[in-house]
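Asker: Numbered by UniProt numbering, the letters in the sequence shown go through residues 1 to 247 in order. Below: one structure in structure tokens.
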Amino acid sequence: MAEEQGVRLQKVLSQAGIASRRVAERMIIDGRVEVDGQIVTELGTRVDPAVADIRVDGSRIILDDTMVYLAINKPRGMHSTMSDDRGRPCVGDLVEHRVRGNKKLFHVGRLDADTEGLLLLTNDGELAHRLMHPSFEVPKTYVATVMGTVPRGLGKKLKAGVELDDGPAHVDDFAVVDTVPGKTMVKVTLHEGRNRIVRRLLAAVDFPVQELVRTEIGSVSLGDQRPGSIRALTRKEVGELYQAVGL
1 MAEEQGVRLQ
11 KVLSQAGIAS
21 RRVAERMIID
31 GRVEVDGQIV
41 TELGTRVDPA
51 VADIRVDGSR
61 IILDDTMVYL
71 AINKPRGMHS
81 TMSDDRGRPC
91 VGDLVEHRVR
101 GNKKLFHVGR
111 LDADTEGLLL
121 LTNDGELAHR
131 LMHPSFEVPK
141 TYVATVMGTV
151 PRGLGKKLKA
161 GVELDDGPAH
171 VDDFAVVDTV
181 PGKTMVKVTL
191 HEGRNRIVRR
201 LLAAVDFPVQ
211 ELVRTEIGSV
221 SLGDQRPGSI
231 RALTRKEVGE
241 LYQAVGL
């Protein structure tokens, strides 16, 4: 009798670090696991992990261990590029000795040199493309420090849209985080990625940015990550990014 093809689904989930074999079996029985768009509840189900689209609670499980997904807190003064022909400090310097054998990393959402904060790096080209493409509307959140006191109606104005030199732009959300004499800290969320868009939007309403930090891309948060530090995204975070862009 020919040996059955594929690997038992609960073993795949266990090897992917999702849960122990026993907990994975319970997930399957409870209807929390999908394979190629179909909920699977049979424990004997076998799959080909190289080609199967496996999801737990709607989030895709990435089984290819050659894929790299990193979160960096880019320091101010550092360029977002992987190399710089003028010898300026760049993100590539941070990962050069930490990610061996992965030269083709894409940065998701370039930050200008004066902006610090969350930058994603991956060799998953399709995910990187979709995260950066405005049609997928992946939100990005920034905390900006501006001079002066922000009036009550500014958020409404920014949500309605402001005309820039390359067309109108608007924010998805706006909130005042903190105020100190002479300065205001605001949180801005938007999904488009035009060059220096946050700085240009706030300058257009007469509140030029003094300091700018990106704190979130989709469901991935900077948290308490130190400037210059780098970490691998969790499987849950990667799955949520895939879900956000329809992969």
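Using N, Cα and C, we set each Cβ at its ideal position, and we do this for glycine too. Keep in mind it's a predicted model, so treat the numbers as computed, not measured.
Rounding to the nearest angstrom, what Cα-Cα distance links G239 and R60 in this structure?
Answerer: In the sequence shown, the residue the question calls residue 239 occupies position 239. In the sequence shown, the residue the question calls residue 60 occupies position 60. For G239 and R60, the distance between alpha carbons rounds to 5 Å.
Asker: What residue from V56, P49, A50, R26 has the CA that sits closest to E42's CA?
Answerer: The residue given as residue 42 occupies position 42 in the sequence shown. Considering only alpha carbons, the answer is R26.
Asker: T234: buried (16+ other C-beta within 10 angstroms of its C-beta) or exposed?
Answerer: The count along the sequence shown starts at 1 and reaches residue 234 at position 234. T234 comes out exposed.
Asker: For the putative contact between I217 and V108, defined by C-beta atoms under 8 Å, what is the C-beta separation to the nearest angstrom?
Answerer: The residue labelled residue 217 in the question sits at position 217 within the sequence shown. The residue labelled residue 108 in the question sits at position 108 within the sequence shown. About 7 Å; that satisfies the 8 Å criterion.
Asker: Under 8 Å between the Cβ atoms of S219 and E237?
Answerer: Along the sequence shown, read from residue 1 onward, the residue named residue 219 stands at position 219. Along the sequence shown, read from residue 1 onward, the residue named residue 237 stands at position 237. Contact flag set, yes.
Asker: Name the one or two DSSP bridge partners that F174 has.
Answerer: Residue numbering aside, residue 174 sits at position 174 when the sequence shown is read from its first letter. Answer is V188.
Asker: For E163, does the count of other Cβ atoms within 10 angstroms reach 16, so buried, or fall short, so exposed?
Answerer: Locating residue 163 in the sequence shown gives position 163, where the first residue counts as 1. Exposed, because fewer than 16 other Cβ atoms sit within 10 Å of the Cβ of E163.
Asker: For the beta strand (DSSP E) that H107 lies in, which residues bound it at each end?
Answerer: Looking up residue 107 in the sequence shown gives position 107. That run of the beta strand (DSSP E) goes 106 to 108.
Asker: Secondary structure at M67, three-state DSSP: helix, strand or coil?
Answerer: Counted from its first residue, the sequence shown places residue 67 at position 67. It is coil, neither helix nor strand.
Asker: Would you please verify whether the beta carbon of S83 is less than 8 Å from any beta carbon of chain B?
Answerer: Included in the structure is just one protein chain, with no chain B present.
Asker: In terms of residue numbering, what span does the alpha helix (DSSP H) encompassing Q243 cover?
Answerer: Mapped onto the sequence shown, residue 243 falls at position 243. Unbroken alpha helix (DSSP H) run through Q243: 235 to 244.
Asker: Considering just the uninterrupted stretch of the beta strand (DSSP E) at V209, what are its terminal residues?
Answerer: The residue labelled residue 209 in the question sits at position 209 within the sequence shown. Taken as a continuous stretch (DSSP letters only), the beta strand (DSSP E) holding V209 covers 209 to 217.
Asker: Shortest alpha-carbon distance to M67 belongs to which of K183, R199, A16?
Answerer: The residue labelled residue 67 in the question sits at position 67 within the sequence shown. Minimum Cα distance to M67 is reached at A16.
Asker: What's the call for T115, buried or exposed, on a 16-neighbour Cβ count within 10 Å?
Answerer: The count along the sequence shown starts at 1 and reaches residue 115 at position 115. Looking at its Cβ environment, which holds 16 or more other Cβ atoms inside 10 Å, T115 is buried.
Asker: DSSP on H133, reduced to helix/strand/coil?
Answerer: Working through the sequence shown from its first residue, we reach residue 133 at position 133. Three-state result, H133: coil.
Asker: Skipping 5 residues on each side, what residues in its chain have a beta carbon closer than 6 Å to that of V33?
Answerer: Position 33 of the sequence shown, counted from the start, is the residue given in the question as residue 33. Here the set comprises M27, V40, V56.
Asker: For the beta strand (DSSP E) containing E34, list its first residue and its last residue.
Answerer: Sequence index remark: in the sequence shown, residue 34 carries index 34 (1-based). Counting along the chain, the beta strand (DSSP E) containing E34 begins and ends at 33 to 35.
Asker: With which residues is L83 paired in a DSSP beta bridge?
Answerer: Residue mapping note: residue 83 aligns to position 83 of the sequence shown, counting from 1. It should be pointed out that residue 83 corresponds to Ser in this sequence rather than to Leu. Answer is none; S83 lacks a bridge partner.
Asker: For the alpha helix (DSSP H) containing R231, list its first residue and its last residue.
Answerer: Counting from 1 along the sequence shown, the entry for residue 231 is found at position 231. Taken as a continuous stretch (DSSP letters only), R231 belongs to no alpha helix (DSSP H), being part of the beta strand (DSSP E) at 230 to 232.
Asker: Just to confirm, is the Cβ distance from residue 251 to M147 under 8 Å?
Answerer: Because the chain here runs from 1 to 247, residue 251 falls outside it and cannot be looked at.
Asker: Can the beta-carbon of V245 be found less than 8 Å from the beta-carbon of F136?
Answerer: If you number the sequence shown from 1, residue 245 lands on position 245. If you number the sequence shown from 1, residue 136 lands on position 136. Contact flag set, yes.
Asker: For V47, name the three-state secondary structure that DSSP assigns.
Answerer: Sequence index remark: in the sequence shown, residue 47 carries index 47 (1-based). Note: V47 maps to strand in three-state DSSP.
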